[in-house]
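196 is the number of the first residue of the sequence shown in this note's numbering; add one for each residue after it.
Where a beta carbon is used, it is the ideal one built from N, C-alpha and C, also for glycine.
All values reported here derive from a predicted model rather than from experimental measurement.
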Amino acid sequence: MKASWDVFCSVVDNFGDVGVTWRLARQLVAEHDLAVRLWIDDLTAFARLCPGADAEAAQQWQDGVSVCRWSPDWTATDCADVVIEAFACRLPPAYMEAMLQRPVRPLWLNLEYLSAEAWVSGCHGLPSPQSNGLKKVFFFPGFLPTTGGLLRERTLVEQRQAFQLDAAMQRNFLLGLGVVPDAGARVISLFAYENPALGTWLDLLVKDPRATHLIVPEGRILGDLQRWLGVEGLRAGAIEKRGALTVQVMPFVRQEDYDRLLWSCDFNVVRGEDSFVRAQWAARPLLWHIYEQDDDAHWAKLDAFLELYLKGLPEAAARGLSGFWRAWNGGNDLRAHWPAISEYEAILRKHAENWCLEQASQRDLVEALVQFYRNSL
Ligand code: TRH
196 MKASWDVFCS VVDNFGDVGV TWRLARQLVA EHDLAVRLWI DDLTAFARLC PGADAEAAQQ
256 WQDGVSVCRW SPDWTATDCA DVVIEAFACR LPPAYMEAML QRPVRPLWLN LEYLSAEAWV
316 SGCHGLPSPQ SNGLKKVFFF PGFLPTTGGL LRERTLVEQR QAFQLDAAMQ RNFLLGLGVV
376 PDAGARVISL FAYENPALGT WLDLLVKDPR ATHLIVPEGR ILGDLQRWLG VEGLRAGAIE
436 KRGALTVQVM PFVRQEDYDR LLWSCDFNVV RGEDSFVRAQ WAARPLLWHI YEQDDDAHWA
496 KLDAFLELYL KGLPEAAARG LSGFWRAWNG GNDLRAHWPA ISEYEAILRK HAENWCLEQA
556 SQRDLVEALV QFYRNSL
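Right, dumping it as structure tokens:
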């Protein structure tokens, strides 16, 4: 019999929680043939990433995953062999009771947020005995072999490489989104949180000798973009031209298409956790708009990643990239940093490919989870 896995996801805000768990659940089914239920408390967020989904259904099948609405009034259900509590969401008390009653206790894992900080290696896989007698294990994604690794589908890198070698496929994909960049234009995707300094970068792109086509999925950055453009009611479908810069707003697309968009671009602005990882698999230079934390804990995370990522880059390129990332995340003027990124574009691109291949040579997160379960038996 197939092992059963329950993945619990509480949507705090944005799309990262549901984005990560949906990807994880699909991969458990597709690559390991497991019986997976994904419990989500906000199916409207899920339906944005998986447009065929029903935001009202108590249960539905999507890509072989049983997607279940996690409603506040919990109906008793059997617990699975493996229980994943994503990002420390709290399991329903009745479900925990079922875990306690089970003759063979399930493996209970808390899947943590991604961080490149050094302490992660020391905490990955640590058990935490609970007062009710159950034991929870902390499972940390990460960039080093001493962590749980990153979500990466088995053939992802090959698919991405084939796509990037095929100019017609890229053109057709963009055409399908209604995007037709001018010949030779630099194509950039922009998926970020609010940033009042956005205009300082766009001003440079307007005057750049090279044309830029900026693709902006609908979302939180639109307010700043709108202010800079001096227009109102900016929404999907809008195309605005200012000097050498064309700005195009597009609708949110399904996760697979968002991947292809990242693969099609010369530079990707990404945020949070999942798009940040996907941009690394896209092997193109990127900017990470990190999710801001109240106690400023995100700065340590940003610097820890930069320390790993910048290794091997010429100093001026590394300085340009880290300056751009830090200025962006601080909401500061971006003009001093972009020229180096433009100048070192080819080097940054090669570096991004090397980084992708180095990361892809490590075990992926789902493989690591499945192995962890096997070892626990
Ligand atoms: O939406 P986010 O800002 O999510 C954040 C982070 O995960 C953060 O760490 C967490 O604490 C917070 O949520 C609660 O960014 P993220 O992680 O990149 O998730 C976006 C998801 O949306 C990702 O799976 C990619 C997907 N996506 C699409 O499927 N289509 C699209 O068109 C776009 C722009 C994104």
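In this structure, does DSSP put residue i in helix, strand or coil?
i      : result
Thr350 : coil
Phe519 : helix
Gln325 : coil
Val561 : helix
Leu505 : coil
Trp256 : strand
Ser537 : helix
Ala378 : coil
Met196 : coil
Asn549 : helix
Arg544 : helix
His493 : helix
Cys318 : helix
Thr363 : Correcting the residue identity first, residue 363 is Ala in this sequence and not Thr. The answer is helix: DSSP assigns Ala363 an H, G or I state.
Glu427 : coil
Asp145 : What the structure shows of the chain is the stretch from 196 to 572, and residue 145 is not part of that stretch, so it cannot be assessed.
Arg530 : coil
Ala250 : coil
Ser556 : coil
Glu487 : coil
Report the CB separation of residue i from residue j in whole angstroms; it is logged as a contact under 8 angstroms.
i      : j      : result
Leu516 : Ile485 : With a Cβ gap of about 14 angstroms, Leu516 and Ile485 do not count as contacting.
Pro391 : Asp419 : 6 angstroms
Trp234 : Phe203 : 5 angstroms
His227 : Val565 : 5 angstroms
Arg544 : Arg479 : 6 angstroms
Gln450 : Cys551 : The pair is not a contact, with the Cβ atoms about 18 angstroms apart (cut-off 8 angstroms).
Leu304 : Val332 : 5 angstroms
Leu429 : Gln421 : 5 angstroms
Val213 : Ala220 : Actually they are not in contact, since the Cβ atoms of Val213 and Ala220 sit about 10 angstroms apart, beyond 8 angstroms.
Asp201 : Ala275 : 4 angstroms
Glu307 : Phe334 : 7 angstroms
Glu413 : Phe447 : 6 angstroms
Arg381 : Thr342 : Arg381 to Thr342, Cβ: 34 angstroms. No contact.
Leu399 : Arg530 : 6 angstroms
Where do the N-terminal and C-terminal ends of the beta strand (DSSP E) with residue i fall, by residue?
i      : result
Leu400 : No beta strand (DSSP E) contains Leu400, which is instead part of the alpha helix (DSSP H) from Leu393 to Lys402.
Met445 : Leu440 to Met445
Glu435 : Ile434 to Arg437
His408 : Thr407 to Pro412
Cys263 : Val260 to Arg264
His484 : Leu481 to His484
Asn305 : Leu302 to Leu306
List the residues that DSSP assigns as beta-bridge partners of residue i.
i      : result
Asp201 : Arg232 and Val278
Asn390 : According to DSSP, Asn390 bridges with nothing at all.
Leu385 : Val464
Could you tell me the boundaries of the alpha helix (DSSP H) in which residue i lies?
i      : result
Thr216 : Gly211 to His227
Phe161 : No answer is possible for residue 161: it lies beyond the span of the chain, which begins at 196 and ends at 572.
Phe471 : Asp469 to Ala477
Asp454 : Gln450 to Ser459
Arg243 : Leu238 to Leu244
Ser310 : Neither: Ser310 is in no alpha helix (DSSP H) and is coded neither H nor E.
Pro288 : Pro288 to Gln296
Leu417 : Leu417 to Leu424
Relative to the ligand ADP, is the shortest distance from any of its heavy atoms to the C-beta of residue i smaller than 8 angstroms?
i      : result
Tyr388 : Annotation note on the ligand ADP: not contained in the displayed structure, which lists the ligand TRH as its ligands.
Taking 8 angstroms as the threshold, find out whether the region 442-453 comes into contact with the region 336-351 through three or more Cβ pairs. no
For the region 367-385 against the region 451-465, do three or more pairs of beta-carbon atoms, one drawn from each stretch, fall closer than 8 angstroms, so that the two count as touching? yes
Quick check: the region 327-346 against the region 283-296, are at least 3 beta-carbon pairs closer than 8 angstroms? yes
Check whether the region 517-525 touches the region 464-484, taking contact to mean three or more Cβ pairs, one atom from each stretch, closer than 8 angstroms. yes
Within 8 angstroms, do at least three Cβ pairs link the region 527-542 to the region 551-565? no
Is there contact here, the region 257-273 with the region 230-248, by at least three beta-carbon pairs under 8 angstroms? yes
Are at least three pairs of beta-carbons, each pair with one atom in the region 498-509 and one in the region 304-315, less than 8 angstroms apart? yes
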